[in-house]
Amino acid sequence: MSDSHKKTIVIDGDVHPSALSVLEAQDDVELVKVPLEDAAALAEAATGANGILARSARITPELIASANGLQVVSRHGVGYDRVNVETLSARKIPLTVTGTANSPSVAEHAMMFMLACAKRLRPTDQRTREGDFLKARQELGRVELLEKKVLIIGFGRIGKIVARRCQGFDMDVLACDPYIDQQTIRDAGVIPVENFRDVLSEIDYLTIHVPLSDETENLIGAEELAQLKSTAIVVNCARGGIINEDALYEVLKNEKIFGAGVDVFAIEPTPGDHPLFTLDNVLVNPHAAASAMECLERMGVQAAQNILDQFDGKLDPEMVVNQDVL
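The numbering of the sequence shown is the working numbering, which starts it at 24 and goes up by one.
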């Protein structure tokens, strides 16, 4: 039986031990852990929750309505497409994210995809292991990043770091973000683009760093992909559904673009028979861009701290998604 004088924090799945230490050091909180992706267990636990630390949980209107004492939902990350923000706002409950905690790791992952696709790492590795040493070296065309044009769609926390990493490779960096002042983009040494479709035919790399929303769903479809060069590389470390997967499969299968790196999918966990998995000019990962050990620790600690800060009345506004509740 829970102590009525303690606040209850429900944790969806496993978090880093450092995050647990932050919470367990508090005398006035009680932790309730539920398995990842167990909606029934989460719904039951949420009825007594004052805070929810959400990894991949769907925070639905029904769940929010059942949690009479809910004071904060803290996302373990920065995406919140699984959270009903409108219902939280109606209850004046803040939804928090982890700020820049995952930005370096996701930016590194995007760069990894660019490099691995450019150097044809997957087929090169496979053929070398199979004994086709000379063919692996001579017959697989490779490209560089040097002085190539990269378009970053989304110039927020992650996009800005990706830009700096690309500049380190002496790339020409363009960025499109209607919510960022163009002078801010220029000040970062990046060329602002008002309409990304105007430059698709010119770029060598396209990397996506925007949240999934009604505005961005299928942002990159068959029409956009058809404008890319045959040597172009596409990277998505943002959210599945932003790039139309059927259209991406078609251009990759027909070698209309050079390659792609895909960390996120419209359906997750993604079935093993996904068409993209049959191609050797695409690298796929299981939504793992923010899964570096250091990143998991930063995100876990920040997610935990956000809950405690809300309880203590000192929540950092920069961490709050629904600013209307402040």
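By construction, the Cβ of each residue, glycine as well, lies at the ideal position given by its N, Cα and C atoms.
These numbers were taken from a predicted model, which means no experiment stands behind them.
Taking a C-beta distance under 8 Å as the contact criterion, N277 and P117 do not qualify as a contact pair. Around I75, the same chain offers V33 and V96 as residues with beta carbons nearer than 6 Å, after the five sequence neighbours per side are excluded. Closest by C-alpha distance to P40, out of V343, N107 and E320, is E320. Check the Cα spacing between A42 and each of D237, L86 and L331: the tightest is with L331. The beta carbon of D286 sits closer than 7 Å to those of H132, N259, C260, N308, H310, A311 and A312, all from its chain and outside the five residues before and after it, given in chain order. About 6 Å separates the beta carbon of L163 from that of T147, a gap short enough to meet the 8 Å contact definition. Taking the Cα positions, P340 is about 42 Å away from P298.
Per the coordinates, the alpha-carbon of T83 lies some 10 Å from the alpha-carbon of A66. For Q325, the number of other beta carbons within 10 angstroms of its own is at least 16, and it is reported as buried.
DSSP places A62 inside the alpha helix (DSSP H), whose first and last residues are A62 to A69.
In its chain, beyond the 5 residues on either side, P298, L299 and L302 have a beta carbon closer than 8 Å to the beta carbon of Y272. Short of 8 Å from the beta carbon of L111, and not among the five residues preceding or following it, lie these beta carbons of its own chain, in chain order: I82, I87, V96, P117, L118, N345 and V348. The three-state reading of DSSP puts D221 in helix, counting H, G and I together. The residue among Y103, A141, N73 and K56 with its C-alpha nearest the C-alpha of G284 is A141.
Per DSSP, the beta bridge partners of T31 are E53. In the structure shown, Y228 adopts extended strand secondary structure according to DSSP, grouped into three states. Residue state for V96 is assigned as strand, using DSSP reduced to three classes.
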